Amino acid sequence: MTHSHPSQRHTTTSHAAVLALAAPSLPVPSAAPTAPSPPPAMGVLTSTELNFLVFRYLQESGFIHAAFTLGYEAGIHKGGIDGNAVPPGALITIVQKGLQYIELEANNDENDDEVERDFALLEPLEIITKDVEELQQIVKKRKLERSQTEHEKDKGKEKERNEEHERRPVGERERERHDKEKEQVREKDRSEKDKDHDKEKEKEKERERQHAERIDKVKHEDDSLAGGGPTPMDVSTTAQEISNTDVTVLEGHSSEVFACAWSPTGSLLASGSGDSTARIWTIPDGPCGSNMQSSPPGVHVLKHFKGRTNEKSKDVTTLDWNGEGTLLATGSYDGQARIWSRDGDLKQTLFKHKGPIFSLKWNKKGDFLLSGSVDKTAIVWDTKTWECKQQFEFHSAPTLDVDWRNNNSFATCSTDNMIYVCKIGEQRPVKTFSGHQNEVNAIKWDPTGSFLASCSDDWTAKIWSMKQDKCLFDFKEHTKEIYTIRWSPTGPGTNNPNQQLLLASASFDSTIKLWEVEHGRLLYSLSGHRQPVYSVAFSPDGEYLASGSLDQCLHIWSVKEGRILKTYRGSGGIFEVCWNKEGSKIAACFSNNTVCVMDFRM
1 MTHSHPSQRH TTTSHAAVLA LAAPSLPVPS AAPTAPSPPP AMGVLTSTEL NFLVFRYLQE
61 SGFIHAAFTL GYEAGIHKGG IDGNAVPPGA LITIVQKGLQ YIELEANNDE NDDEVERDFA
121 LLEPLEIITK DVEELQQIVK KRKLERSQTE HEKDKGKEKE RNEEHERRPV GERERERHDK
181 EKEQVREKDR SEKDKDHDKE KEKEKERERQ HAERIDKVKH EDDSLAGGGP TPMDVSTTAQ
241 EISNTDVTVL EGHSSEVFAC AWSPTGSLLA SGSGDSTARI WTIPDGPCGS NMQSSPPGVH
301 VLKHFKGRTN EKSKDVTTLD WNGEGTLLAT GSYDGQARIW SRDGDLKQTL FKHKGPIFSL
361 KWNKKGDFLL SGSVDKTAIV WDTKTWECKQ QFEFHSAPTL DVDWRNNNSF ATCSTDNMIY
421 VCKIGEQRPV KTFSGHQNEV NAIKWDPTGS FLASCSDDWT AKIWSMKQDK CLFDFKEHTK
481 EIYTIRWSPT GPGTNNPNQQ LLLASASFDS TIKLWEVEHG RLLYSLSGHR QPVYSVAFSP
541 DGEYLASGSL DQCLHIWSVK EGRILKTYRG SGGIFEVCWN KEGSKIAACF SNNTVCVMDF
601 RM
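In UniProt numbering, the protein residues as written are 1 to 602.
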């Protein structure tokens with residue numbers, strides 16, 4: 001994924017931040033002026049547009065360094081292309097359309113070699129904008145027109161061929177007949193092979209159909225067990241729309257906002273952006289909304305660069321408050337972790353990583369800070385001395401997420417498909433979990449540290465226990481990459497001990513799935529979004545779930561009923577959503593450089 005690019009508590013976006021890195025603030029080497037080029041012909045992709053499509057493909061696939069390098073060298077931000085107008089997967093769509101076009105041309109009549117060389121059945125614009133059925137109709141119509149004009153020409157050629165055939169010696173005609181027979185035998189062999197191939201394809205389709213039926217059956221049973229969930233149709237009609245006038249929009253960032261996190265103790269909200277700054281906003285206790293605010297919220301700007309110019313390499317990719325809410329840690333693309341006071345003063349800069357930091361977490365006690373980096377390592381920092389306590393070098397590829405199990409042990413996951421459980425002082429992993437077939441995007445321990453959940457580009461979420469090597473549960477119901485997961489703050493050992501423990505998984509298939517983990521079954525498939533879902537967050541009481549997607553919508557779901565209660569439609573993709581500690585306010589950060597805060601009351 002590889003391929004937007006999370007955490008268990010109220011903070012980080014791990015590689016979510018970076019996956020969606022767009023280019024507005026990329027510095028570009030100056031180049032010699034060039035002569036103006038003529039405008040492109042209609043339906044022809046310009047090199048600028050193609051560069052942008054490749055850039056977006058690299059981002060969406062998770063090739064973060066490649067995207068960054070291309071953006072830098074190609075000057076993507078100078079292209080003037082509105083990224084919001086380009087749908088996800090655009091490059092793949094165009095390539096697929098191209099293949100369909102080639103296939104259509106390959107299926108032309110046998111006489112196609114007689115056609116003028118510059119003859120094209122379809123225009124490039126038609127290929128990109130029309131579906132296969134429409135293209136086939138166009139081809140059929142144009143073939144008909146062409147065949148009528150060539151009909152007479154063919155007649156004349158056929159007559160000439162017959163006359164030539166009659167003039168040929170008998171031996172030559174016999175050889176021709178023999179060749180024809182051989183060709184017929186070969187043709188028969190080919191058709192037999194094709195039949196076998198078709199049979200195999202039919203079997204494959206039947207297996208897929210049975211699989212889909214099984215999933216539907218499971219969902220149906222689970223819905224009935226859970227008291228029946230509304231269909232997606234019900235969802236959209238019953239949801240209450242949150243008005244723009246009831247939302248406080250925080251403006252000031254000059255690039256996408258990748259991460260947001262409420263302080264665990266006060267009314268402070270932190271945000272991290274691609275503009276090389278984090279911000280700490282003071283959110284008043286009163287109602288949100290443009291009409292309610294007498295003055296704009298106070299803000300501290302936490303600059304990750306010296307001087308006036310923003311440096312793209314200092315994008316803020318992840319952030320986390322300590323348990324007391326007195327210190328904020330930020331991770332950056334430059335590989336440095338920084339520690340800030342709640343007033344925005346830089347207290348400490350931690351140098352040791354040799355690549356971007358994607359995940360950063362304080363332990364509960366607050367005496368250690370854990371960071372995971374593209375340099376394949378994880379580091380535990382001693383917060384008394386701010387020195388590296390221990391560097392863990394177990395992964396063979398970038399570390400994407402880290403999460404504490406307790407105050408001295410934690411888990412890490414990577415693009416190498418592996419998960420390691422590590423302990424301070426130990427030189428080898430205390431547990432290794434292997435089973436994912438692709439990059440592991442996020443890991444989260446449940447509230448008691450008994451179970452570890454993981455999610456991957458292999459379309460599965462898995463639950464692991466320290467008591468065994470193989471996963472306890474393997475959830476395979478998603479149909480695309482799973483970007484992030486969250487445990488509910490419920491069950492034994494939490495503030496909500498009488499509610500069952502649930503896991504939420506958010507996927508590029510546009511759905512969120514809620515899993516009941518005692519028996520390992522799907523409780524609900526929440527189908528309200530239309531594009532990849534990058535973030536989910538449970539309310540502190542575990543009764544509600546907020547979700548944010550590239551479709552620009554924030555939905556608030558009833559966990560009990562599996563339906564949308566409220567919806568806010570923003571004007572940019574959403575990278576992260578989070579609740580304040582009281583569960584009375586929700587914040588979301590957007591690709592249009594804003595952070596939005598809204599009240600939640602039922």
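In this text, a Cβ means the ideal position worked out from N, Cα and C, and glycines have one as well.
Here the structure is a predicted model, which is why all the values come from computation and not from measurement.
Straight through space, the alpha carbons of Arg569 and Leu250 are spaced by roughly 16 angstroms.
Here Lys314 carries a helix assignment [DSSP, helix/strand/coil]. According to the DSSP secondary-structure assignment, Asp474 is paired through a beta bridge with Lys462. Under a 10 Å Cβ-count criterion, Val132 is classified as exposed, with fewer than 16 other Cβ atoms of the shown protein chains found around its own Cβ. About 5 angstroms separates the beta carbons of Trp404 and Asn363, which is inside the 8 angstroms limit, making them a contact pair.
Around the beta carbon of His353, 16 or more other beta carbons lie within 10 angstroms, which makes this residue buried. Note that the C-beta distance between Asp474 and Thr460 is below 8 angstroms.
Around the beta carbon of Pro532, a 10 Å sphere encloses 16 or more other beta carbons of the protein chains shown; the residue is thus reported as buried. Around the Cβ of Phe358, a 10 Å sphere holds 16 or more other Cβ atoms; the residue is buried.
By the CB criterion at 8 angstroms, His436 and Asp401 fall outside the cutoff. Beta-bridge partners assigned by DSSP to Arg405: none are found. Only residues of its own chain outside the window of five on either side were considered, and among them His300 have a CB closer than 7 angstroms to the CB of Asp343, listed in chain order.
Residue environment for Asn322: buried (at least 16 other C-beta atoms within 10 angstroms of its C-beta). Taking 8 angstroms as the upper bound for CB-CB distance, Ser273 and Glu256 are in contact here, some 6 angstroms apart.
The beta-carbon distance between Val316 and Ala278, rounded to whole angstroms, is 5 angstroms. This is short enough to meet the 8 angstroms contact definition. Annotation: Glu324 is outside any beta strand (DSSP E) and is labelled neither H nor E by DSSP.
For Glu251, there is no enclosing alpha helix (DSSP H), as DSSP marks it with neither H nor E. Looking at Val430, Leu550, Lys470, the one whose alpha-carbon comes closest to that of Asp509 is Leu550.
Under the three-state reduction of DSSP output, Ile482 falls in the strand class. A residue is called buried once 16 or more other Cβ atoms fall within 10 Å of its Cβ, and Ala537 is buried on that count. For Ile280, DSSP records a beta bridge to Ala270, His300. In this chain, the alpha helix (DSSP H) harbouring His65 covers 64-74. Ser254 sits close to Asn593, with the two beta carbons spaced by under 8 angstroms. Separation of Gln391 and Gly331 (C-alpha to C-alpha, rounded to the nearest whole angstrom) is 16 angstroms.
For Val54, the uninterrupted alpha helix (DSSP H) segment begins and ends at 47-60.
Counting only runs of 3+ residues, the beta strand (DSSP E) found wholly inside the segment 352-381 occupies 357-362, 368-373, in chain order.
With fewer than 16 other Cβ atoms from the protein chains shown falling within 10 Å of its own Cβ, Ser434 counts as exposed.
Glu150 and Arg142 have their alpha carbons spaced roughly 12 angstroms apart. Assigned with DSSP and collapsed to three states, His77 falls in helix.
Per the coordinates, the alpha-carbon of Leu452 lies some 13 angstroms from the alpha-carbon of Met418.
By the 16-neighbour rule on beta-carbons within 10 angstroms, Asp345 is exposed. Burial is judged here by how many other beta carbons sit within 10 angstroms of a residue's own beta carbon; Ser147 has fewer than 16 and is exposed. The three-state reading of DSSP puts Leu545 in strand, counting E and B together.
Around the Cβ of Ser47, a 10 Å sphere holds fewer than 16 other Cβ atoms; the residue is exposed.
At least 8 angstroms separates the beta-carbon of Lys361 from that of Asn407. By alpha-carbon distance to Gly289, the top candidate from Leu99, Leu122, Glu60, Thr248 is Thr248.
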